[in-house]
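Numbered per my numbering, the sequence shown spans residues 1 to 331.
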Amino acid sequence: MNFLKKKQTSPPKIYYIELTNFCNFRCSMCNFHGPDALSTRGKGFMDVGLAKNLIEQIATLKEEAFVGFHGAGEPLMHKGLLEILEYAGRFTNLQSGFLTNGMLLSKSMSDAILKSGIAWIGFSLDGIVREKFEKYRVGSDFDRIMKNVLYFLDKAKETGRKIVTKVNMTVQDEMKDDIDKFIDFWIEKTDEVMISPCRPVGSRENVFVDRSVKRIPCYMLYEMMVIYWNGQVGLCCEDWFNAGNMGDLKRHAIIDVWNGRRFNKARSAHENENFHKMPLCKDCNNWFKGVIEDSLDEKRLWHVQKNVWQHIYRKSYANVSEAIPDCKQPL
């Protein structure tokens, strides 16, 4: 098969590596594990050897790259997580980390993660009210999770470990009145507090998109690679079930898949405004990146950054890295 073509594109600067798509929760809004789940992908755990190989490739492809070791599952369920994080931590040009629901974040695990060398960690904590939290994050234990996350944050502060900490709240309708309380609680404890709108299962609708703007080629096709636990590559982070089927990293190198005919075909369709020819793209508006807005809440002295996915609150910009790239998670 003539897998490669001559057209070359700069390597991705954002990588999402799904270590597993198993999860210990059954969140109501989840495409994979909730009651209305639509998932058609098999489940499994990424081989540690494959993960290390991918890390090595990424580290040599780009002077700096963002790596998130998460996808449609809970990374803490992967028995080789610490080994993978420690290996990634050896490469100073990688800004690596992962999102977690915090349920399995024991004290010993927190201590080990803080020693691993990762640059950031994000906690998905949907709300500040126990009853609402546990209603939507089915299988969770609010008190246990809060205890786990607060221990991690306290330990990080105690050890002086430079790791960017983030919390994200996916807002259900009945949680809208809790947003300020959530921010107030976490903004002094973490570097970033992210507030994200909830999308219904199966929806790729971006509620912050300005529909009056003419559609342009999607930036994800030029900046992001999504890698599933089995080495398969998706079209983008909106390709929840690998409908794009862009390549296999057990057989080909990252750069070969990235510059391969499937990605080039997708880019060509976008560049020629043939969005309708891409099933995943024709009804998607997540191509819209917009202009990032920065402002200051004069009442609470919050710094607020608004992008098309989230509103990000910070007490200060000092010593804070860029936010998680614009893309909803899980994959």
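For every residue, glycine included, the Cβ atom is placed at its ideal position computed from N, Cα and C.
DSSP places Thr165 inside the beta strand (DSSP E), whose first and last residues are 164-171. Counting only residues of its own chain and dropping the five nearest sequence neighbours on each side, His276 has a CB closer than 8 Å to the CB of Lys282. In this chain, the beta strand (DSSP E) harbouring Tyr16 covers 14-17. The beta carbon of Trp258 sits closer than 8 Å to those of Thr9, Pro11, Pro12, Met225, all from its chain and outside the five residues before and after it, given in chain order. Arg262: member of the alpha helix (DSSP H) spanning 261-271, first to last residue. The beta-carbon distance between Leu105 and Phe152, rounded to whole angstroms, is 6 Å. This is short enough to meet the 8 Å contact definition. The Cβ neighbour count for Val213, taken over all protein chains shown within 10 Å, is under 16; the residue is labelled exposed.
For Arg41, no alpha helix (DSSP H) run applies, since DSSP gives it neither H nor E. A Cβ-Cβ contact shorter than 9 Å links Thr100 with Glu74. Remark: C-beta atoms of Asp239 and Gly247 do not approach each other more closely than 9 Å. Here the C-alpha atom of Ala88 lies approximately 8 Å from the C-alpha atom of Lys52. Shown here for Ser140: same chain residues with a beta carbon closer than 8 Å to its own, the five before and five after excluded, namely Phe25, Asn101, Met103, Phe133, Glu134 in chain order. Under the criterion of beta carbons closer than 8 Å, Asn93 and Glu63 qualify as touching, at roughly 6 Å.
A check of alpha carbon separations from Pro217 across Glu273, Cys237, Ile118 identifies Glu273 as the nearest. Under the DSSP assignment, Val226 falls in the beta strand (DSSP E) whose first and last residues are 224-227. Annotated three-state conformation of Ile58 is helix, per DSSP.
Look at the segment 88-118 and you find these whole runs of alpha helix (DSSP H), each 4 residues long or longer: 107-115.
In the structure shown, the three-state DSSP call for Ile187 is coil.
With fewer than 16 other Cβ atoms from the protein chains shown falling within 10 Å of its own Cβ, Thr60 counts as exposed. Around the C-beta of Val291, fewer than 16 other C-beta atoms lie within 10 Å, and the residue is accordingly described as exposed. Look at His276 here: in three-state DSSP terms it is helix.
In the three-state DSSP reduction, Pro11 falls in the coil class, being neither helix nor strand. Within the DSSP bridge table, the entry for Glu293 names Lys306 as partners.
For Phe133, the enclosing alpha helix (DSSP H) covers residues 130-136.
Note on geometry: alpha-carbon atoms of Val164 and Asp191 lie some 6 Å from one another.
With respect to Gly34, Val138 sits close: the two C-beta atoms are nearer than 9 Å.
Secondary structure note for Met146: its alpha helix (DSSP H) is the uninterrupted segment 142-159. Listed in chain order, the non-local C-beta contacts of Thr20 below 6 Å within the same chain comprise Phe45, Gly73, Met77, His78, Trp229, local neighbours out to five positions each way being set aside. Distance from the CA of Glu158 to the CA of Gln95, rounded to the nearest whole angstrom, comes to 22 Å. Within the same chain, and ignoring the five residues on either side of Tyr136 in sequence, the residues whose Cβ sits closer than 7 Å to its Cβ are Cys27, Ser28, Met29, Asp126, Gln172. Note on Asp143: under 16 other CB atoms within 10 angstroms of its CB, so exposed under the neighbour-count rule. Secondary structure of Gly68 (DSSP, three-state): strand. In this structure, the CA atom of Val201 is about 16 Å from the CA atom of Asn285.
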